[in-house]
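Novice: Can you read through this structure? Questions will come right after.
There are 2 protein chains.
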Amino acid sequence: MAAGFASLADSRRQLQAEAVNSGGADQKIIETTGARIEGLKEYSIEDVSKHDSPENRVWVTYKNGVYDITDFIPMHPGATKLLMAAGSSVEPFWAMYAVHLNNPAIYEMLERFRIGNLNLADAASQAEQIASDASDPYSTDPARHKAIVVNSKTPFNGETPLSILTDSFITPTDLFYVRNHLPVPDVDIKEYELEVSGLGIKELNLSLAELKKLPKHKIVATVQCAGNRRAEMRATKNLKGLEWRGGAIGNAEWAGAKLSDVLNAAGFDENDERIRHVHFEGLDTDPSNSPYGASIPIEKASDPRGDVLLAYEMNGEPLNRDHGYPVRVIVPGVAGARNVKWLGKISVSDVESDSHWQQNDYKGFNPSTDWDTVDFSKSPAIQDMPVTSSICSPAPGAKVKGGQELAVSGYAWSGGGRKIVRVDLTADGGKTWTQAESLEQDTARHPRHWGWTVWKGKVVVPEGVEETTEVWSKAVDSSYNVQPETFANIWNLRGVLSNAYCKLKLSVQN
Amino acid sequence: MAAGFASLADSRRQLQAEAVNSGGADQKIIETTGARIEGLKEYSIEDVSKHDSPENRVWVTYKNGVYDITDFIPMHPGATKLLMAAGSSVEPFWAMYAVHLNNPAIYEMLERFRIGNLNLADAASQAEQIASDASDPYSTDPARHKAIVVNSKTPFNGETPLSILTDSFITPTDLFYVRNHLPVPDVDIKEYELEVSGLGIKELNLSLAELKKLPKHKIVATVQCAGNRRAEMRATKNLKGLEWRGGAIGNAEWAGAKLSDVLNAAGFDENDERIRHVHFEGLDTDPSNSPYGASIPIEKASDPRGDVLLAYEMNGEPLNRDHGYPVRVIVPGVAGARNVKWLGKISVSDVESDSHWQQNDYKGFNPSTDWDTVDFSKSPAIQDMPVTSSICSPAPGAKVKGGQELAVSGYAWSGGGRKIVRVDLTADGGKTWTQAESLEQDTARHPRHWGWTVWKGKVVVPEGVEETTEVWSKAVDSSYNVQPETFANIWNLRGVLSNAYCKLKLSVQN
């Protein structure tokens, strides 16, 4: 299969080259995929439906096409999701995971697995069925602030522009980055109940009012997507994932009940050695009604000093829909993906969540691991995030002169409750360093310093540089961990953990 | 003063150059320092004794010489220690801090501050007094295993040779590195009492037998000197500190009472917001009877999950004298310097320890901070240590051939209870990486994984290399923090936190 992928990449590059000339190759691939091909074998919907597992071979349909995708499954990042379409049409799933739509590489890939046509009668009735089901699952998503930079509309993913990100220590809710994996659920608060259950505890079903009766805790905590700053890593070498520029991070005040209090209310016994993980399920679901899910280790969940909140307020207001109304988990210091929104269910377990996002995404690998060799079971799910920083001002490409003193500002953050102790800056590739003189932080102490640092410093543009120069930022946290220097040596195929030095390019005009 | 230092460095280089020719310049400096210089003003011991503080100017004597060292004090790494000699002879202090002895740079520095001679009568009586006091403070130090690589005899500092360091997961006590700051005290167990006192708690005085009545906890924990691997950082650019090659680390099983239990027994109230730090004092003292000391934050000290032990056993045996008999603190995940040996006193406080080693040593700075600009008050004392790794086999300079598969092994560790999740290896400067396939670890989980990882992996020496090649190791911990790539960008004047990639040089013989 490796060879298949390589040759696909080759033909893709060739197609792209042709598209530049013809202007239409991509569009043609999209339009012709799934069209009848006379002479291929004809199948019925019933024939296809029998091929619903790897043991029986996995067949799917797309428009008039029938495909045997069994050999593709191990290579698909969302293999468990893909299996839900086994024996039926992929079209509802592509509507949900809209990254597939209008992506010619995906259409071309599918067509490589073509084995036949759906018979004319079944193709027509299936098209009718899909059309009648096809209310856009994203049609009830909330409106967003127009300043948010949109990376994907469905599911909605948008980030705060770097130019305004550090203008306030607390990120305004409407400008806070949004990372959704599925449509935003429309929760009826009268019906809402949070289920708490699992190994060795008694089941609780808590309304929002009941949750609010538990002691209310407030923390300042930064939430960051594990893929933040991916664009900088991608500039080294291509990879899969949303184009986060550095704004998939924000700092807010969160209020809610402590998860440790809820676990205690359910009779959790910290000496129960079987319990290793706490699972969270969102009320956001895919076409097979499967929810978004994640888990965190019991050590973090049950420690009152871990400050894991079942938050119902953000910046002093009830959560809004994009940020998890009515309740989300805030797991401070931990990757955004574990901070499950629209929380419907908490369960304690001896094993990790088996969700796609826990098992087959949000993990780190070394730079030589590619899609042919990756084994997601061999790498731990990202929890605590490593130290990072980003330069928010000046803007990339800003004009500077040799000898000029330049004000530089940005943010820095480290996971695991580690406070930033220093931000070093250099304008000459590390020959000389200055230290950011202002670090705006809240008063929490290591290892419960969950909020970010907004920093300001100065560098002098070296004399004698021409055309372009770079300013670098390097943060150091309270464990004296420091950012790695280059993306090349931390590159990974999913573009997560993208925490190398921020190297801002500027235009020199002497 | 900066200029003074620069010109001193110049004249030092010149002297060294001359010494190469003459073979005796260094020895001459040592022999002539403190000799009478006819024509200089004569002072009495009483004259000198009046100059005992910066307000009165600080004078000291060495043999027949009188020196006004007031302007030197801000530049001395141990300024608080230096002031103890104010108004008297430096000779007893140099016997204790033996790094001074026979170091021509130090003798030459002192002579630059010469203001006069001690009068003949006083010089003679003082010499007699010093000679009668001069029982070697290190004469009662214990014997050490001959395999230990000695970096300093007095105080004793020695490390485990890298060639044997990872032969066992638990480092044998006799081969465990020793980092002493002062002579080893000879504790009479019948007299021993551990004092526990301070802000808001009741005073306890615990015999070893009483300490043993508290619940006994065992942990596997690595202890590492904050200056471990300094030799690799020094190879980038010179700095001050002992020449640790990578063996100032070891992994042992420690047993003792939890500090949190002792604090609770003394009535510690975790809601007492005044209490911020817990101080430790050793029974090892300097000529002014001042003990070794350090402190840790209350968050670490009082948290039972922090696993801070008052350890009386190492690897199943009572502590030996070099490792702190009868009781030392084990602060797992934290720099060795806070793991105070020969523990005499614990006190809770609103402020950090004012000891030299807490305030003016064991702190990090950026590479542009030098001895003229350093301000130790501006940097936090090192507590949790960052992620590190070292290659222990093959040995540096081992002979290899292009195309050869090479077995590589070593250790990796991260502070703060973070487990090692991956060790990446490359033999071609990062173009391709392999992952160490064996990670030997204990079963503790993040964030209480205090022990190290002994790893084994393979790389292939690239074809076409000539003369020398390098193998690099890069560890990743459970917060996905990763080692920085080069020492140049983390260099600091004290050579601590030396955790860049290990880059092992090998000889190519094709």
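Protein sequences, first through last, are from chains V and L. Numbering that gives the first Met the number 0 numbers the first residue of the first sequence as 0 and each following residue consecutively. Numbering that gives the first Met the number 0 numbers the first residue of the second sequence as 0 and each following residue consecutively. Note that beta-carbon positions come from the ideal geometry of N, C-alpha and C, so glycine has one too. Every value quoted in this text rests on a predicted model; they were computed, and no experiment measured them.
Cα separation between L/A130 and L/A122?
Specialist: Distance between the alpha carbons of L/A130 and L/A122: 12 Å.
Novice: Three or more C-beta pairs under 8 Å: does that hold for the stretch 174-193 of chain V against the stretch 293-303 of chain V?
Specialist: With a cut-off of 8 Å, the stretch 293-303 of chain V and the stretch 174-193 of chain V do not count as touching, because too few Cβ pairs lie within range.
Novice: Taking a Cβ distance cut-off of 9 Å, strictly less, list which residues of the stretch 254-286 of chain L are near chain V, in chain order.
Specialist: Those residues of the stretch 254-286 of chain L that come within reach of chain V (Cβ to Cβ, closer than 9 Å) are R275.
Novice: Do three or more CB pairs link the stretch 243-256 of chain V to the stretch 166-185 of chain V at distances below 8 Å?
Specialist: Short answer: they touch.
Novice: With a cut-off of 8 Å, do at least 3 Cβ pairs link the stretch 447-465 of chain V to the stretch 228-235 of chain V?
Specialist: In short, these stretches do not touch, since the Cβ pair count stays below three.
Novice: Quick one: does V/E484 have its CB under 9 Å from some CB of chain L?
Specialist: For V/E484, the answer is yes, since a Cβ of chain L falls inside 9 Å of its Cβ.
Novice: Under DSSP, the beta strand (DSSP E) around V/D476 begins and ends at which residues?
Specialist: T467 to D476 is the extent of the beta strand (DSSP E) around V/D476.
Novice: Considering Cα atoms alone, identify which of V/W471, V/T172, V/V481 and V/L109 is closest to V/M313.
Specialist: The shortest Cα separation from V/M313 among V/W471, V/T172, V/V481 and V/L109 belongs to V/T172.
Novice: Name, going along the chain, the residues of the stretch 469-494 of chain V whose beta-carbon falls closer than 8 Å to a beta-carbon of chain L.
Specialist: Correct list: K473, V475, S477, S478, Y479, N480, V481, Q482, P483, E484, T485, A487, N488 and I489.
Novice: CB V/K239 to CB V/L492, shorter than 9 Å?
Specialist: Cβ atoms of V/K239 and V/L492: closer than 9 Å.
Novice: Do L/D135 and L/Q153 count as a contact pair if the criterion is CB distance below 9 Å?
Specialist: The amino acid at residue 153 of chain L is misidentified as Gln; the sequence shows Thr. Taking 9 Å as the Cβ cut-off, L/T153 and L/D135 qualify as a contacting pair.
Novice: Among all the DSSP beta bridges, which residues are the ones paired with L/E298?
Specialist: None; L/E298 has no bridge partner.
Novice: Tell me which residues share the same chain as L/L309 and place their Cβ nearer than 7 Å to its Cβ, disregarding the 5 neighbours each side in the sequence.
Specialist: Around L/L309: L210, G255, A256, L258, V261, V326, V328 and L342.
Novice: Per DSSP, which residues does L/R327 bridge with? Please list them.
Specialist: Beta-bridge pairing links L/R327 to L/A310.
Novice: Determine whether the beta carbon atoms of L/P446 and V/K299 lie at a separation below 9 Å.
Specialist: The answer is yes: Cβ separation under 9 Å.
Novice: Using a cut-off of 8 Å between C-beta atoms, extract the partners of L/S367 located in chain V.
Specialist: Near L/S367 (Cβ distances below 8 Å), the residues of chain V are T431, W432 and T433.
Novice: May I ask you to list, following chain order, the residues of the stretch 362-391 of chain V that have a beta carbon less than 9 Å from some beta carbon of chain L?
Specialist: Per Cβ criterion, the list reads G363, F364, N365, P366, S367, T368, K377, S378, P379, I381, Q382, D383, M384, P385 and V386.
Novice: Taking DSSP as the reference, what is the three-state secondary structure of V/T425?
Specialist: DSSP places V/T425 in strand when its eight states are reduced to three.
Novice: So L/V47 packs on L/L82, CB below 8 Å; how close in whole Å?
Specialist: L/V47 to L/L82, Cβ: 14 Å. No contact.
Novice: Within 10 angstroms of the Cβ of V/G38, are there 16 or more other Cβ atoms? Answer buried if so, exposed if not.
Specialist: Its Cβ having fewer than 16 others within 10 Å, V/G38 is exposed.
Novice: Counting only Cβ-Cβ distances shorter than 8 Å, please list the residues of the stretch 300-312 of chain L near chain V, keeping chain order.
Specialist: Result list: D302 and R304.
Novice: What do you get for L/S478, buried or exposed, if any count of 16 or more other CB atoms within 10 angstroms of its CB means buried?
Specialist: So L/S478 counts as buried.
Novice: Determine the direct distance from the alpha carbon of L/P286 to that of L/E106, and round the result to whole angstroms.
Specialist: Here residue 106 of chain L is Tyr; the residue named in the question, Glu, does not match the sequence. When rounded, the distance between both Cα atoms is 21 Å.
Novice: Under 8 Å: does the beta carbon of L/R229 sit that close to some heavy atom of the ligand NAD?
Specialist: No copy of the ligand NAD occurs in the structure displayed, which carries no ligand at all.
Novice: Considering just the uninterrupted stretch of the beta strand (DSSP E) at L/R229, what are its terminal residues?
Specialist: Run containing L/R229: none in the beta strand (DSSP E); it sits in the alpha helix (DSSP H), R229 to R233.
Novice: Compare the C-beta of V/N20 with all C-beta atoms of chain L and state if any pair is closer than 9 Å.
Specialist: Here the model assigns V/N20 a pLDDT of 49, short of 50, so the residue's position is not dependable and the matter cannot be decided.
Novice: Relative to the alpha-carbon of L/L418, which residue among L/D321, L/V222, L/S88 and L/Q440 has its alpha-carbon at the smallest distance?
Specialist: Here residue 418 of chain L is Lys; the residue named in the question, Leu, does not match the sequence. Here the closest residue by C-alpha is L/Q440.
Novice: Name the residues in the stretch 200-216 of chain L whose C-beta lies less than 9 Å from a C-beta of chain V; which are they?
Specialist: Flagged: no residues at all.
Novice: Does the beta-carbon of V/R304 have 16 or more other beta-carbons within 10 angstroms, so that it is buried, or is it exposed?
Specialist: V/R304 comes out exposed.
Novice: At which residues does the alpha helix (DSSP H) containing V/F92 begin and terminate?
Specialist: It spans E90 to M95 - the alpha helix (DSSP H) in which V/F92 sits, taken as one unbroken run.
Novice: Show which residues of chain L have a CB atom less than 7 Å away from the CB atom of V/G414.
Specialist: S478, listed in chain order.
Novice: Could you tell me whether the Cβ of L/R35 comes closer than 9 Å to any Cβ of chain V?
Specialist: No, L/R35 does not count as interfacial toward chain V.
Novice: Pull up the distance between the alpha-carbon of L/A380 and that of L/K362, whole angstroms please.
Specialist: Going by the C-alpha atoms only, they are around 5 Å apart.
Novice: Using the three-state DSSP reduction, which class does V/F486 fall into: helix, strand or coil?
Specialist: Reduced to three states, the DSSP call for V/F486 is coil.
Novice: Count Cβ pairs between the stretch 135-145 of chain L and the stretch 52-69 of chain L that sit closer than 8 Å; are there 3 or more?
Specialist: The stretch 135-145 of chain L vs the stretch 52-69 of chain L: no contact.
Novice: Can you tell me whether L/Y510 is helix, strand or coil according to DSSP?
Specialist: A query on residue 510 of chain L cannot be resolved here, the shown segment of chain L reaching from 0 to 509 and no further.
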